[in-house]
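Here is the structure we will look at.
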Amino acid sequence: MAVNGAPDPGRGGLKQLALRERHEALGARFAPFAGWEMPLQYQGIVAEHEAVRGSVGVFDVSHLARAWVRGPGSAELLRSVTTFDVTTVPVGKAHYSLYCNEQGGIEDDVFIYHLPDDQWLVIHNAANADADFLRLQRVAGDQASEETPQTVMLAVQGPDAVALLTSVLGDGFAALEPRDCAELDWGGVPVLVARTGYTGEDGGECIVGADDAAALWDALTEGGATPAGLGARDTLRLEAALPLHGNDIDATTHPFESGLGFAVTLDDEAPFTGREALAEHMAQPRTRRLAHVVAQERGVLRAGYGVHLTDEDGEMLGEPLTTLTSGAFSPSLRIGIGMTYLPAQLARPGVRLAVNVRGRALPVEVVRRPFYRKQG
42 MAVNGAPDPG RGGLKQLALR ERHEALGARF APFAGWEMPL QYQGIVAEHE AVRGSVGVFD
102 VSHLARAWVR GPGSAELLRS VTTFDVTTVP VGKAHYSLYC NEQGGIEDDV FIYHLPDDQW
162 LVIHNAANAD ADFLRLQRVA GDQASEETPQ TVMLAVQGPD AVALLTSVLG DGFAALEPRD
222 CAELDWGGVP VLVARTGYTG EDGGECIVGA DDAAALWDAL TEGGATPAGL GARDTLRLEA
282 ALPLHGNDID ATTHPFESGL GFAVTLDDEA PFTGREALAE HMAQPRTRRL AHVVAQERGV
342 LRAGYGVHLT DEDGEMLGEP LTTLTSGAFS PSLRIGIGMT YLPAQLARPG VRLAVNVRGR
402 ALPVEVVRRP FYRKQG
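If you count by the numbering used here, then the sequence shown holds residues 42 to 417, one letter each, in order.
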């Protein structure tokens with residue numbers, strides 16, 4: 042840890058995880074991501090993906106920024122910059138929300154935890170961490186603090202995740218319902234937990250002091266959790282049709298075309314950034330929607346590939362309508378899947394299109410989201 046509280050810069054100035062030695066010992070392959078050097082994979086993306094779908098995996102997601110707003114009036118301060126009315130979120134609950142600009146574009150998507158004593162924790166995407174914290178500081182001043190370097194965040198996901206977390210952390214975790222959050226005592230060590238995740242599976246996310254993180258990581262892996270990296274995290278979230286900021290949503294997309302209208306509250310009177318534009322977007326017919334496509338033949342879809350109308354023979358017509366915002370091979374479905382913005386009249390299940398995969402017209406079909414639903 043650097044003396045100023047920021048993570049030590051490592052290779053190429055990238056921020057380093059507190060548990061880097063643990064990841065190295067497990068044979069992790071690293072890659073730069075949003076200013077951090079992150080484990081991309083350990084034993085392999087597909088194996089890690091399947092471990093999460095079939096049992097339980099653990100991800101080091103400490104790159105996600107953790108900012109607090111504390112003190113009287115914190116809920117109202119947060120309401121002024123977030124789209125969801127957090128004043129309605131009970132103590133002990135976490136809720137998804139958005140930061141939007143004045144045009145209604147999505148500057149970031151966040152999770153907000155409501156904890157006792159007027160404490161609110163906001164989880165930001167790493168790429169937007171600095172701008173997001175400045176946003177909070179502008180409205181909350183000294184009530185806002187950025188505490189990412191002092192802690193480690195681990196995501197434990199999969200059908201066996203709740204059982205593992207209960208065995209490690211105790212019955213306090215078993216009592217939590219989805220989207221509950223609480224601070225638990227782990228043998229004298231405080232661990233902030235939430236029944237949340239980004240994989241489409243059950244599980245939880247744990248925040249612990251950096252000095253105690255290795256012991257918690259060891260307890261989870263010794264208890265059966267398979268270490269998993271960013272590669273598997275991406276294929277898992279894509280199968281669950283969860284958008285990635287910077288790919289599927291950004292400052293040029295608005296919540297109602299992105300399938301995120303549930304994160305916008307407009308039935309109160311509270312002002313917040315982007316409110317007027319969002320009210321207009323909600324009232325207008327959609328001209329485009331975020332759609333979900335499945336390849337009809339063998340082939341891997343990738344972000345940036347062009348999406349085309351086709352003739353009766355399946356050949357691509359003219360210039361691309363749009364491009365894929367995300368794409369990957371789905372280990373669960375054994376086929377290519379992707380997301381893209383389509384004109385509203387085409388963003389309907391059953392519509393057939395083609396994706397330009399290095400000059401080849403790969404047929405795809407629009408389907409309902411998600412691509413994969415957890416079993417049981």
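Ideal Cβ positions, reconstructed from N, Cα and C, are used throughout, including at glycine.
Inspect the beta-carbon positions of VAL197 and ALA266 and report whether they are closer than 8 Å.
As a position in the sequence shown, residue 197 is number 156, starting the count at 1. As a position in the sequence shown, residue 266 is number 225, starting the count at 1. In this structure, ALA266 lies closer than 8 Å to VAL197 by Cβ.
Taking only runs that begin and end inside the region 82-132, name each unbroken alpha helix (DSSP H) of 4 or more residues, in chain order.
86-95, 115-120
Tell me the DSSP secondary structure of VAL405 in three-state form.
As a first step, residue 405 is located in the sequence shown; it is residue number 364 there, counting from the start. Strand.
Check whether the region 371-380 and the region 333-346 touch, using three or more Cβ-Cβ pairs below 8 Å as the test.
yes
Go ahead and pull the three-state DSSP assignment for VAL209.
Position 168 of the sequence shown holds residue 209. Correct three-state label for VAL209: helix.
Return the CA-CA distance between ALA395 and HIS64, expressed in angstroms with no decimal places.
Counting from one through the sequence shown, the residue named residue 395 turns up at place 354. Counting from one through the sequence shown, the residue named residue 64 turns up at place 23. Using only the alpha carbons, I get a separation of about 40 Å.
Sort out for me which residues DSSP pairs ASP226 with in a bridge.
Residue mapping note: residue 226 aligns to position 185 of the sequence shown, counting from 1. Beta-bridge pairing links ASP226 to PRO231.
Go through its chain and collect everything with a Cβ distance to PHE71's Cβ below 7 Å, but skip five positions before and after it.
Looking up residue 71 in the sequence shown gives position 30. Answer for PHE71: GLU78, MET79, PRO80, LEU81, listed in chain order.
For LEU132, which residues of its own chain have a beta-carbon under 8 Å away from its beta-carbon, when the five flanking residues on both sides are left out?
Counting from one through the sequence shown, the residue named residue 132 turns up at place 91. Sequence inspection shows Val at residue 132; the Leu mentioned does not correspond to that position. Here the set comprises HIS155, LEU156, PRO157.
State the Cα-Cα distance for the pair ALA37 and ALA204, rounded to the nearest angstrom.
With the chain covering 42 to 417 only, the question about residue 37 has no answer from this structure.
Use the C-beta contact count for LEU301: other C-beta atoms within 10 angstroms, 16 or more gives buried, fewer gives exposed.
Counting from 1 along the sequence shown, the entry for residue 301 is found at position 260. The Cβ neighbour count for LEU301, taken over all protein chains shown within 10 Å, is at least 16; the residue is labelled buried.
Indicate whether VAL341 and THR363 have their beta-carbon atoms separated by less than 8 Å.
As a position in the sequence shown, residue 341 is number 300, starting the count at 1. As a position in the sequence shown, residue 363 is number 322, starting the count at 1. No; because the gap between Cβ atoms is not below 8 Å, this pair is not in contact.
Going straight from the alpha carbon of VAL122 to that of LEU319, what length do you get?
Locating residue 122 in the sequence shown gives position 81, where the first residue counts as 1. Locating residue 319 in the sequence shown gives position 278, where the first residue counts as 1. Looking at the two C-alpha atoms, the distance is approximately 13 Å.
Whole angstroms is fine: what's the gap from THR189's alpha carbon to HIS90's?
Taking the sequence shown and counting its residues from 1, one reaches residue 189 at position 148. Taking the sequence shown and counting its residues from 1, one reaches residue 90 at position 49. So the alpha carbons of these two residues sit roughly 27 Å apart.
DSSP has GLY347 in a bridge; who is on the other side?
Taking the sequence shown and counting its residues from 1, the one referred to as residue 347 is at position 306. THR364, per the DSSP bridge assignment.
If I measure Cβ to Cβ from PRO219 and keep anything under 6 Å in the same chain, skipping five residues before and after, which residues do I get?
Taking the sequence shown and counting its residues from 1, one reaches residue 219 at position 178. Closer than 6 Å at the Cβ level, and outside the excluded window around PRO219, lie ARG236.
Under a Cβ-count criterion, where at least 16 other Cβ atoms within 10 Å of its own Cβ denotes burial, should PRO296 be classed as buried or exposed?
Within the sequence shown, numbered from 1, the residue matching residue 296 stands at position 255. Under this definition PRO296 is a buried residue.
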